[in-house]
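Asker: Below is a structure I'd like to ask you about.
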Amino acid sequence: MKKILSSLVVILILTTMIASCSKDGAGNYAAAPDNNSGNGKSGSMARFTMVGNYLYIVDLSSLKAYDCSDPENPKLSGSTYLSWNIETIYPYQDKLFIGSSNGMYVFSLEDPANPKMEGSVSHVRACDPVIGNDTVAYVTLRSFGNNCGSTTNVLNVYNIKNSAQPVLVNTIEMASPYGLGMSDTALYVCDGTSGLKVYNIANAWQPELVKTISGFDFQDVIPYGDILISHIADGFHFFDISDPLEPVETGVVND
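Quick note, the sequence shown lines up with residues -22 to -1, 1 to 233 if you use mature numbering (1 follows the signal peptide of the UniProt record, and there is no 0).
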């Protein structure tokens, strides 16, 4: 089992880092498949992602788009200045969600070569992973580590039905939240040493905590079909999420 899980980790890493500009670029971006969007999914704390033929990268201040239709000759197709302290990027269908220490940005991929900002929202300075879909965005704000510069530790829920004007509809207190992920009606939030929190999001605006998996320092998660890959401080934990609200541990791979 450990050999199989180790191989899966290697495949994920190689797929994300090497195959980003692969000849399969006309399909889904190179990462784990998303049960909801069909596009694929990277961790919520990622700084790059692939959608179709385009590789999107965030640095500290900007979003860059690269055309990878010719994998041997990737070309910069667009660059957008955002602000300072850009941290994460997360794709969903025709949107990119970008988190910074000061807020969240929603970009349209209607023109994939030149993403256009549809909306943004500001918050107090904090570390800021973000995920979302057509109607809701989930943002964790963390004060501890990485010079996040805040005393805020929360999960914020935004209504983005009008992506030009995200509206904060709920705030849930956390201990030290990091990455997060979604699968069906389950939201997984890594709350550091306070555990992996599993929320029922059948009501997207009112996440209901149904389970906490304790004993490790959880930092990020990737739903991969019926498997949840969780990055902990010293390796990876794997869970069967055939029932998304009842993860069952299946293996561990240590760094």
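The C-beta atom is built at its ideal place from N, Cα and C for all residues, glycine as well. Nothing here was measured: the structure is a model prediction, and the numbers come from that model.
Decide if D89 is buried, meaning its Cβ has at least 16 other Cβ atoms within 10 Å, or exposed.
Answerer: Exposed: under 16 other Cβ atoms inside 10 Å.
Asker: T58 to K42, Cα distance in whole Å?
Answerer: Going by the C-alpha atoms only, they are around 6 Å apart.
Asker: Can you look up M82 in the DSSP assignment and give me helix, strand or coil?
Answerer: M82: strand per DSSP, three-state reduction.
Asker: Using CA coordinates, which residue listed in N63, H209, A182 is at the minimum distance from G81?
Answerer: If we check each option's Cα against that of G81, N63 comes out closest.
Asker: How many angstroms separate the CA atom of G30 from the CA atom of S47?
Answerer: Approximately 9 Å between the Cα atoms of the pair.
Asker: Output the boundary residues of the beta strand (DSSP E) element that contains K189.
Answerer: Start and end: 186 to 191.
Asker: Please report how far the alpha carbon of K53 lies from the alpha carbon of Y34, in whole angstroms.
Answerer: If I take the Cα positions, the gap works out to 12 Å.
Asker: For S172, which of T163, I191, V145 has the nearest alpha-carbon?
Answerer: Closest by alpha carbon: I191.
Asker: Give me the DSSP bridge partner(s) of G229.
Answerer: Answer is F216, bridged to G229.
Asker: So, do the stretch 192 to 209 and the stretch 152 to 172 have three or more beta carbon pairs nearer to each other than 8 Å?
Answerer: The stretch 192 to 209 vs the stretch 152 to 172: in contact.
Asker: Over the uninterrupted beta strand (DSSP E) stretch that includes I64, give me the two end residues.
Answerer: I64 -> beta strand (DSSP E) spans 64 to 70.
Asker: Quick one: residues in its chain with C-beta nearer than 7 Å to the C-beta of D45, no 5 flanking neighbours on either side, listed in chain order?
Answerer: If we look at D45 and ignore the five residues flanking it on each side, its Cβ neighbours are N31, Y32, P52, K53, S55, A91.
Asker: Tell me, please, which residues DSSP counts as bridged to D195.
Answerer: D195 pairs with nothing; no bridge assigned.
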